[in-house]
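*Asks:* Can you keep this structure in mind? I'll have questions shortly.
Number of protein chains: 2
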Amino acid sequence: MEKKRRSPAIIRRLPKYYRAICELAEITISRVSSQELGKLTGFNPSQIRQDLNSFGGFGQQGYGYNVKNLKENLEKILGLTEEKTMIVIGAGNLGKAIMRYSDFSENGFHIISAFDRDESKIGREIGGIEVRDIQELEEFLSENQVDIAVLTIHKDVAQKYTNICVEKGVQGFWNFAPKKLRVPKNVVVENMWLNESLYTLGYFLKDVKSGLEYSEDEMEDEE
Amino acid sequence: MEKKRRSPAIIRRLPKYYRAICELAEITISRVSSQELGKLTGFNPSQIRQDLNSFGGFGQQGYGYNVKNLKENLEKILGLTEEKTMIVIGAGNLGKAIMRYSDFSENGFHIISAFDRDESKIGREIGGIEVRDIQELEEFLSENQVDIAVLTIHKDVAQKYTNICVEKGVQGFWNFAPKKLRVPKNVVVENMWLNESLYTLGYFLKDVKSGLEYSEDEMEDEE
DNA sequence: TAGATTGTTAATCGATTAACAATC
DNA sequence: TAGATTGTTAATCGATTAACAATC
Numbered sequence: 001m002e003k004k005r006r007s008p009a010i011i012r013r014l015p016k017y018y019r020a021i022c023e024l025a026e027i028t029i030s031r032v033s034s035q036e037l038g039k040l041t042g043f044n045p046s047q048i049r050q051d052l053n054s055f056g057g058f059g060q061q062g063y064g065y066n067v068k069n070l071k072e073n074l075e076k077i078l079g080l081t082e083e084k085t086m087i088v089i090g091a092g093n094l095g096k097a098i099m100r101y102s103d104f105s106e107n108g109f110h111i112i113s114a115f116d117r118d119e120s121k122i123g124r125e126i127g128g129i130e131v132r133d134i135q136e137l138e139e140f141l142s143e144n145q146v147d148i149a150v151l152t153i154h155k156d157v158a159q160k161y162t163n164i165c166v167e168k169g170v171q172g173f174w175n176f177a178p179k180k181l182r183v184p185k186n187v188v189v190e191n192m193w194l195n196e197s198l199y200t201l202g203y204f205l206k207d208v209k210s211g212l213e214y215s216e217d218e219m220e221d222e223e
Numbered sequence: 001m002e003k004k005r006r007s008p009a010i011i012r013r014l015p016k017y018y019r020a021i022c023e024l025a026e027i028t029i030s031r032v033s034s035q036e037l038g039k040l041t042g043f044n045p046s047q048i049r050q051d052l053n054s055f056g057g058f059g060q061q062g063y064g065y066n067v068k069n070l071k072e073n074l075e076k077i078l079g080l081t082e083e084k085t086m087i088v089i090g091a092g093n094l095g096k097a098i099m100r101y102s103d104f105s106e107n108g109f110h111i112i113s114a115f116d117r118d119e120s121k122i123g124r125e126i127g128g129i130e131v132r133d134i135q136e137l138e139e140f141l142s143e144n145q146v147d148i149a150v151l152t153i154h155k156d157v158a159q160k161y162t163n164i165c166v167e168k169g170v171q172g173f174w175n176f177a178p179k180k181l182r183v184p185k186n187v188v189v190e191n192m193w194l195n196e197s198l199y200t201l202g203y204f205l206k207d208v209k210s211g212l213e214y215s216e217d218e219m220e221d222e223e
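Top to bottom, those sequences are chains Y and V.
Letter 76 of the first sequence, counting from 1, is numbered 76 in UniProt numbering, and no numbers are missing.
Letter 34 of the second sequence, counting from 1, is numbered 34 in UniProt numbering, and no numbers are missing.
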């Protein structure tokens, strides 16, 4: 299976292919061409073929891709069939929102605990997940295998708790704190920076408003 | 000021430059070179100069960039000095988190109302913002100028409320619902898709784990 | 077999980086 | 003036798209 170039750009398209394929599977469509997949996702058919082919020949000439088969392959590539453990560090509004958002566990992402320093939160259960004293983080990590730490704490302490997690072998970080983290090479950080996203939106909005609707109302997919 | 090529890639770097410049301003550093800015942000100095220059000659040969000046220019470019109104559609966990996150208003992004269909939420105040009946959305939009709608509702109704907003002149959408929206050309959508982000993290994590720490422990910035 | 559509190589396009002249 | 660093053009690199042979 080890093939070809695989840039982060490719990887970020995979979930989009996966979503489209899931929708097709849901309405029990059994085959799809790169052409059709392109229509659904907004990507170039050629690009889709190349992306998928870099992971293996999932298609069949003259036929296209088998939906069920491709779905399974994408799940395997993305690792959605494997069970992953997560902890949430910082049970504030955002942390709570993530804890209550149960959809992740459908794809193997399980939150097994949350941590906070706030007395009033410690001991409570949110979305069926216990909130522990952040003081116990290190001990918890010694006793539990954790794949991903979700950072929903203040940016000023994000690095501190990242270090503790790294020390204890956590290799994945989903970072909502607007702070660039320093981590060792074999550790992965995925940033979810709300403010940067909003600023970007603000720019494009300003842009479009100053452009004064040059082409009124034609519907098109965003992106 | 109208100059050069400005790809989305450039625009998405601007908030990163802005953050770095803010940090410098905070510790009262008055000048910075593209070289130093590169160190702080992880971008190539050449790229930084080109990016900034596409908006105007903010620097000075032999000196670099004046921090205060560059900060102001970035604010102007990003439109952070202008006041923007936002509404939150869907006062669930995520919606609430955003309503309580007051930092946005520091840069001119003001949430003026929220909407939900849930009786128990309607009439309540969250983070100082009133939650209204979603039935009143259309009326509210007729009476209030809204720049950005934050979509934190279920994906199945995201398009429906987007249409209402578009109809009433809303041109910016910050979309947390995992659903590609169809909008007219002069409307901007910025997607914040948690699940795609998490899937991507999952992939890279799997990748790094299978790579089995080929180069133990060297610290480096992520990204 | 003919038609369709992939897999894969080649061509194009755009974005990043290097180089250097301009100039503070 | 000499040194530094931008602004800007040119070179490189990588990613996207087109083309087409392979093959179901």
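From the three backbone atoms N, C-alpha and C, an ideal C-beta is built for every residue, glycine too.
What you are looking at is a predicted structure, and each value in this text was computed from that prediction instead of being measured.
Can you check the segment 163–197 of chain Y for any beta strand (DSSP E) of at least 3 residues that lies completely inside it and give the ranges in chain order?
*Replies:* Those beta strand (DSSP E) runs which fall completely within the segment 163–197 of chain Y and span 3+ residues are 172–175, 182–184 and 188–191.
*Asks:* Chain V partners of Ser102(Y), CB-CB under 7 Å?
*Replies:* Simply none; closest approach about 11 Å.
*Asks:* Using the three-state DSSP reduction, which class does Ser102(V) fall into: helix, strand or coil?
*Replies:* DSSP places Ser102(V) in helix when its eight states are reduced to three.
*Asks:* Using the Cβ count rule (16 or more neighbours within 10 Å means buried), how would you classify Pro8(Y)?
*Replies:* Pro8(Y) comes out exposed.
*Asks:* In its own chain, which residues sit with a C-beta less than 8 Å from the C-beta of Glu216(V), not counting the 5 before and 5 after it?
*Replies:* In this prediction, Glu216(V) has a pLDDT of 44, which is less than 50 and means its spatial position is unreliable; what the coordinates show is noted afterwards. Closer than 8 Å at Cβ, skipping near neighbours: no residue.
*Asks:* If contact means a Cβ-Cβ distance below 8 Å, which residues of the segment 57–86 of chain V contact chain Y?
*Replies:* Those residues of the segment 57–86 of chain V that come within reach of chain Y (Cβ to Cβ, closer than 8 Å) are Ile77, Leu78, Gly79, Leu80, Glu82 and Lys84.
*Asks:* Quick one, which residues of the segment 124–154 of chain Y are near chain V if we go by CB-CB under 8 Å, in chain order?
*Replies:* Correct list: Asp147 and Ile148.
*Asks:* Please report the straight-line C-alpha distance between Leu137(V) and Met99(Y), rounded to a whole angstrom.
*Replies:* So the two alpha carbons sit approximately 29 Å from each other.
*Asks:* Between which two residues does the alpha helix (DSSP H) carrying Ala20(Y) extend?
*Replies:* Element bounds for Ala20(Y): Pro8 to Glu26.
*Asks:* Just mark Gln61(V) as buried or exposed, buried being the case when its beta carbon has 16 or more other beta carbons within 10 Å.
*Replies:* So Gln61(V) ends up on the exposed side.
*Asks:* So the candidates are Tyr101(Y), Ile21(Y) and Asp118(Y); which of them puts its Cα closest to the Cα of Glu75(Y)?
*Replies:* Per the Cα distances, Ile21(Y).
*Asks:* Can you tell me whether Asp156(Y) is buried or exposed? The criterion is at least 16 other CB atoms within 10 Å of its CB, across all chains shown.
*Replies:* It is exposed - the Cβ of Asp156(Y) has fewer than 16 other Cβ atoms within 10 Å.
*Asks:* Let me see if you follow: with CB-CB separation under 9 Å, is Ser197(V) close to chain Y or not?
*Replies:* Yes, Ser197(V) lies at the interface with chain Y (some Cβ there is under 9 Å from its Cβ).
*Asks:* Can you find a CB in chain Y that lies within less than 9 Å of the CB of Gly172(V)?
*Replies:* For Gly172(V), the answer is yes, since a Cβ of chain Y falls inside 9 Å of its Cβ.
*Asks:* Name, please, each residue of chain Y whose Cβ falls closer than 8 Å to the Cβ of Ile11(V).
*Replies:* The contacting residues are Thr200, Tyr203 and Phe204.
*Asks:* Find the residues of chain Y that neighbour Val157(V), judging by a C-beta separation of less than 9 Å, and give them in chain order.
*Replies:* Simply none; closest approach about 16 Å.
*Asks:* Taking only beta-carbon positions, decide if Leu14(V) is within less than 9 Å of chain Y.
*Replies:* At least one chain Y Cβ lies under 9 Å of Leu14(V).
*Asks:* Which residues, taken in chain order from the segment 180–195 of chain V, show a beta carbon closer than 9 Å to some beta carbon of chain Y?
*Replies:* Listed by position along the chain: Lys180, Leu181, Arg182, Val183, Pro184, Lys185, Asn186, Val187, Val188, Val189, Glu190, Asn191, Met192, Trp193, Leu194 and Asn195.
*Asks:* Helix, strand or coil: which one does DSSP assign to Asp116(Y)?
*Replies:* Correct three-state label for Asp116(Y): strand.
*Asks:* Mind checking which residues open and close the alpha helix (DSSP H) that includes Leu137(Y)?
*Replies:* Unbroken alpha helix (DSSP H) run through Leu137(Y): Leu137 to Glu143.
*Asks:* Classify Asp207(V) as helix, strand or coil using the three-state DSSP reduction.
*Replies:* Three-state DSSP puts Asp207(V) in a helix.
*Asks:* If we define contact as Cβ-Cβ less than 9 Å, is Asp118(Y) a contact residue for chain V?
*Replies:* By this cut-off, Asp118(Y) is not an interface position.
*Asks:* My output table needs one value for Ile122(V): the three-state DSSP class, helix, strand or coil.
*Replies:* Coil.
*Asks:* How about Gly108(V): is its C-beta nearer than 9 Å to some C-beta of chain Y?
*Replies:* Yes, contact with chain Y.
*Asks:* Can you name, in chain order, every residue of its own chain whose Cβ lies under 7 Å from the Cβ of Val67(V), other than the five neighbours on each side?
*Replies:* The residues are Ile21, Leu24, Ala25, Ile29, Ser30, Arg31 and Val32.
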